[in-house]
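Those letters in the sequence shown? Residues 274 to 628, by this note's numbering. Heads up, the beta-carbon is just placed ideally off N, CA and C, and yes, glycines get one too. Right, one structure below, let's go through it.
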Amino acid sequence: MNDFGDIAVIADQIQNDIRPVTFELLGAARELAGKLNVKVRAIVMGHQLGSIPTTLIHSGADEVYVVDQPELAEYTTLPYRRAAISVIDSFDRVPHIVLCGATTLGRDLAPRIAAHYEVGLTADCTELDIGEYEHKGKADPAKVGMYHNCLYAIRPSFGESLKARIIGPWKNPQMATARTGALIPCKPDTSRTGKIIPVKVDFKPDDFRVKVIETVRKVSSGADLLKAKIIVSGGFGLGGPEGFDTVRDLASIFKESAVGSSRKAVDAGWIPYDHQVGQTGKTVRPEVYIALGISGAIQHRVGMSNSRVIIAVNKDEEAPIFQFAHYGIISDLFEVAPLLKKEFQKSLAAAGAAR
Ligand SMILES: Cc1cc2nc3c(=O)[nH]c(=O)nc-3n(C[C@H](O)[C@H](O)[C@H](O)COP(=O)(O)OP(=O)(O)OC[C@H]3O[C@@H](n4cnc5c(N)ncnc54)[C@H](O)[C@@H]3O)c2cc1C
């Protein structure tokens with residue numbers, strides 16, 4: 274082990290359901306930990322967490338710090354902040370890196386942790402890496418020099434047209450949040466072993482300035498976008514909300530499929546926001562992404578360009594989507610979609626995988 278700290282991942286769970294971003298963060302943390310020769314420490318907070326700590330070990334954590342107390346049954350900022358900081362302070366050394374999901378929970382909690390330790394925080398990363406940095410700026414002579422093993426927090430920038438590599442090597446922990454769907458989880462391995470360490474937190478009366486009176490949960494119809502193996506997505510080229518019937522019809526033939534959308538179709542009110550893919554929507558990574566009548570603007574591309582195979586149908590041969598689609602069909606989507614459906618149905622039937 275190295276003489277600098279480990280990597281801490283704050284697990285994101287709602288009602289004892291671990292959010293997919295947690296597994297993705299653990300996957301990335303394992304890669305980084307391999308480069309640094311340090312441990313991955315997951316921190317999970319909540320109440321009646323059951324088998325979650327074990328699942329985190331199977332998913333890449335070496336140690337899981339568990340705060341399981343009734344005060345944490347529902348997420349509120351101050352008790353979770355107190356719990357996270359108590360756990361980090363209980364470590365034998367300051368973590369080198371702390372990672373959170375760029376989720377509602379992570380976006381609220383991570384800045385509180387960063388402010389407590391007076392460190393920087395890079396939000397909404399799509400890649401994480403380790404590297405070195407030479408600081409030549411003369412403004413603060415004390416900072417000039419070579420920094421090794423810096424966290425490279427990488428995220429789209431300047432209207433998503435550039436990838437910025439952001440570093441904050443001056444003080445640990447180096448912190449980042451990552452978008453759901455951007456990082457790659459490890460394959461779960463039930464034979465992995467690790468340590469589960471319970472931590473008891475002493476809350477202060479001030480931590481309970483906000484009281485949750487009632488939580489009303491809405492099940493999002495687009496949530497399965499993150500799990501879908503095949504996404505059929507529609508854009509403004511659909512011409513109206515009824516155009517999504519064509520999209521749904523094609524999606525319906527595949528198992529584990531979902532319907533996605535461009536923002537322009539969402540803004541037009543043709544489909545709810547939770548179907549939106551892109552910079553201000555979801556980041557997806559399916560096996561196949563079929564884009565019908567989507568131009569391929571950079572803000573859409575950043576949300577789906579990691580799909581394994583991209584098939585685009587657009588009647589404009591100059592559409593930007595053809596620059597990064599694996600297969601492009603220059604034609605009217607309403608003519609092509611039924612033909613695709615027929616051909617896919619034939620192949621699925623031949624493979625015995627029809628829905
Ligand atoms: C800050 C910011 C954030 C944004 N976030 C997102 C985001 O998260 N997701 C997102 O998608 N966008 C986002 N956008 C918007 C983005 O810039 C584009 O405006 C949007 O993606 C365009 O949607 P579209 O491709 O459906 O529409 P258009 O650009 O209008 O493209 C429609 C396409 O359909 C084709 N077409 C028309 N009729 C047919 C037909 N019958 N058959 C085949 N093809 C046809 C046209 O040739 C055209 O290429 C964001 C923009 C900003 C400024």
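| said: Pull the bridge partners of Glu336 from the DSSP assignment, please. | reply: Position 63 of the sequence shown, counted from the first residue, corresponds to residue 336. The partner list for Glu336 (beta bridge, DSSP) reads Arg314 and Lys468.
Let's see if you can read the secondary structure: which residues bound the alpha helix (DSSP H) around Ala616? Within the sequence shown, residue 616 is the residue found at index 343, counting from 1. In the sequence as presented, Ala is not what sits at residue 616; that position holds Glu. Glu616 -> alpha helix (DSSP H) spans Leu606 to Ala624.
>> Does the distance between the C-beta of Ile567 and the nearest non-hydrogen atom of ligand 1 fall short of 8 angstroms?
In response: For the purposes of this step, residue 567 is taken as the residue at position 294 of the sequence shown. Ile567: yes, Cβ under 8 angstroms from ligand 1.
key: Proximity below 9 angstroms, CB of Arg558 to CB of Arg581   = Here the question's residue 558 lines up with position 285 in the sequence shown. Here the question's residue 581 lines up with position 308 in the sequence shown. Yes, they are a contact pair.
Check this for me: beta carbons of Thr453 and Arg292, under 9 angstroms apart or not?
Residue mapping note: residue 453 aligns to position 180 of the sequence shown, counting from 1. Residue mapping note: residue 292 aligns to position 19 of the sequence shown, counting from 1. Yes, these two residues count as a Cβ contact at 9 angstroms.
* Would the beta-carbon of Phe481 fall within 9 angstroms of that of Thr350? -> Residue 481 sits at position 208 when you count from the first residue of the sequence shown. Residue 350 sits at position 77 when you count from the first residue of the sequence shown. Contact flag unset, no.
Notebook entry, point to check: Under the rule that 16 or more other beta-carbon atoms within 10 Å means buried, what is Gly495, buried or exposed?
Noted result: Taking the sequence shown and counting its residues from 1, one reaches residue 495 at position 222. Residue placement at Gly495 is flagged as unreliable, the pLDDT there being 49, under the threshold of 50; a coordinate-derived value is accordingly withheld.
Q | Inter-residue Cα distance where the pair is Ser535 and Leu378 | A | The residue given as residue 535 occupies position 262 in the sequence shown. The residue given as residue 378 occupies position 105 in the sequence shown. Answer to the nearest angstrom: the Cα atoms are 25 angstroms apart.
**Asked** Along the chain, where does the alpha helix (DSSP H) that runs through Gln288 open and close?
**Response** Residue mapping note: residue 288 aligns to position 15 of the sequence shown, counting from 1. From DSSP, Gln288 is part of no alpha helix (DSSP H); its letter is neither H nor E.
What do you get for Arg428, buried or exposed, if any count of 16 or more other CB atoms within 10 angstroms of its CB means buried? Taking the sequence shown and counting its residues from 1, the one referred to as residue 428 is at position 155. Classification for Arg428: buried.
Fill in: Touch test, the region 526-535 against the region 496-508, Cβ-Cβ under 8 angstroms, three pairs minimum
yes
Just list the residues that DSSP pairs Leu565 with in beta bridges.
Here residue 565 refers to the residue found at position 292 of the sequence shown. In DSSP, Leu565 forms a bridge with Gly507 and Val586.
* Please state if the CB of Asn310 and the CB of Ile370 are separated by a distance shorter than 9 angstroms. => Mapped onto the sequence shown, residue 370 falls at position 97. Mapped onto the sequence shown, residue 310 falls at position 37. No.
For Leu372, name the three-state secondary structure that DSSP assigns.
Mapped onto the sequence shown, residue 372 falls at position 99. Correct three-state label for Leu372: strand.
Continuous beta strand (DSSP E) stretch holding Leu485: start and end | For the purposes of this step, residue 485 is identified with residue 212 of the sequence shown, where counting begins at 1. For the record, residue 485 in the displayed sequence is Val; it is not Leu. Where Val485 is concerned, there is no enclosing beta strand (DSSP E), given that its DSSP letter is neither H nor E.
So, under 8 angstroms CB-CB, Glu529 and Lys555 are touching, yes? Tell me the CB distance rounded to an integer number of Å.
Position 256 of the sequence shown, counted from the first residue, corresponds to residue 529. Position 282 of the sequence shown, counted from the first residue, corresponds to residue 555. In fact, because the Cβ distance is near 16 angstroms, the residues do not count as touching under 8 angstroms.
Can you tell me the Cα-Cα spacing of Ala281 and Leu372, whole angstroms?
-> In the sequence shown, residue 281 corresponds to position 8, counting from 1. In the sequence shown, residue 372 corresponds to position 99, counting from 1. When rounded, the distance between both Cα atoms is 6 angstroms.
task: Mind the definition here: the region 515-523 touches the region 352-367 only if three or more C-beta pairs lie below 8 angstroms; say whether that holds.
output: no
Q. In its own chain, which residues sit with a C-beta less than 7 angstroms from the C-beta of Gly374, not counting the 5 before and 5 after it?
A. Taking the sequence shown and counting its residues from 1, one reaches residue 374 at position 101. Contacts found: Asp285, Arg292, Val294, Thr295, Leu298, Thr450, Ala451 and Thr453.
Sorry if obvious, but does the Cβ on Ala356 come closer than 8 angstroms to a heavy atom of ligand 1? In the sequence shown, counting from the first residue as 1, residue 356 sits at position 83. Incorrect: Ala356 has no Cβ contact closer than 8 angstroms to ligand 1.
Can you determine whether any heavy atom of ligand 1 sits closer than 8 angstroms to the C-beta of Leu606, and answer yes or no?
Taking the first residue of the sequence shown as 1, we reach residue 606 at position 333. Yes.
- Task: Identify, in the order they occur along the chain, each residue of the same chain with its Cβ nearer than 8 angstroms to the Cβ of Ile544, setting aside the five sequence neighbours on each side.
- Result: On the sequence shown, position 271 is the one that residue 544 refers to. The answer, listed in chain order, is Gly507, Pro514, Phe517, Val532, Ser534 and Ala538.
Which parts of the region 507-562 are runs of the beta strand (DSSP E), unbroken and 3 residues or longer, counting only runs that do not cross its ends? 530-534
message: What would DSSP say about Leu638, mapped onto helix, strand or coil?
response: As displayed, the chain neither begins before 274 nor continues past 628, which places residue 638 out of reach and without an answer.
Would you check if the region 463-478 and the region 414-430 touch, i.e. whether three or more CB-CB distances between them fall below 8 angstroms? no
- Does the distance from the C-beta atom of Val337 to that of Gly467 stay below 9 angstroms? What you label residue 337 is simply residue 64 of the sequence shown in a count that begins at 1. What you label residue 467 is simply residue 194 of the sequence shown in a count that begins at 1. Closer than 9 angstroms, so yes.
Give me the Cα-Cα distance between Tyr600 and Lys614, rounded to the nearest whole angstrom. By 1-based counting over the sequence shown, the position of residue 600 is 327. By 1-based counting over the sequence shown, the position of residue 614 is 341. For Tyr600 and Lys614, the distance between alpha carbons rounds to 16 angstroms.
* Asked: Is the closest heavy atom of ligand 1 to the C-beta of Arg490 under 8 angstroms?
  -> By 1-based counting over the sequence shown, the position of residue 490 is 217. No, since every heavy atom of ligand 1 falls outside the 8 angstroms radius drawn around the Cβ of Arg490.
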